[in-house]
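Engineer:
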Amino acid sequence: AVLMAIAFVLGAELINSAVEQVVDLLTDEFDPRAKAAKDLAAGMVLVAAVNALAVAYLVLVDHMVGISLDVLIAIRRSPTHLTLVAFGIVMAAVIAVKATRGRGTPFSGGLPSGHSALAFAGWTAITFVIGETKEGLLVSGIALVIAALVAQSRVETGVHSVLEVLLGALLGIVITILIFQVWF
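Offset between the sequence shown (1-based) and our numbering: plus 90.
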């Protein structure tokens, strides 16, 4: 069942790619019908992927019950895993906010700055993990300078405004603090 679901995802992706190629061959400029065709094909891939996750869960749930609690405990004790979880949630939040704003794309430009959000999430995670020693404060300070340089470079290149960078930084900091406060 899992292999069939995976094959369904791959087939949907092939059909999506074919639809995009045909639409690109037939239109040279923006056409709402072409956009609708591409969106529907991409939606088919999303449905197939969600189906694959559901099938995998239903097939493997009995084997995962004991593991899932162990995984949560391991994540709770591991700042590395927790940092990766924070990065994942920050990226998901950035993409979700950008999708609702209508400016830029989920991975380029727009509000908030994903680069800034991840850079400041990294600084926040480093600050939590390093601790309050002299060396820890130095490392945290260096990470803060690097995060600020990332944010400044996004403004300097014209990809983001100062507000977009500041809101990205705030988003990354807040989400990472919440995750570390709950599980660390």
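Using N, Cα and C, we set each Cβ at its ideal position, and we do this for glycine too. Remember, predicted model here, so these are calculated numbers, not experimental data.
1. Using CA coordinates, which residue listed in Met181, Gly204, Phe120 is at the minimum distance from Leu253?
2. Below 8 Å on the Cβ atoms is my guess for Ile236 versus Ala207; work out the distance and round it to an integer in Å.
3. Is the Cβ-Cβ distance between Val99 and Ala142 less than 8 Å?
4. Could you have a look at Leu130 and say whether DSSP puts it in helix, strand or coil?
5. Just how far apart, CA to CA, sit Asp129 and Val149?
6. Mapping DSSP to helix, strand and coil, what is Gly231?
7. To which residues of the same chain is Ile265 closer than 7 Å at the C-beta, ignoring the five residues directly before and after it?
8. Have a look at Val135 and Ala97 and give me their C-alpha separation to the nearest angstrom.
Structural biologist: Considering the structure as presented:
1. With distances taken between Cα atoms, Leu253 lies closest to Gly204.
2. Wrong, their Cβ atoms sit about 14 Å apart, outside the cutoff.
3. Closer than 8 Å, so yes.
4. When secondary structure is reduced to three states using DSSP, Leu130 falls in the helix class.
5. If you take the alpha carbons of Asp129 and Val149, they lie about 30 Å apart.
6. In the three-state reduction of the DSSP assignment, Gly231 falls in the helix class, which pools H, G and I.
7. Here the set comprises Ala176, Ile179, Val180, Ala183, Ala211.
8. When only Cα atoms are considered, Val135 and Ala97 end up about 11 Å apart.
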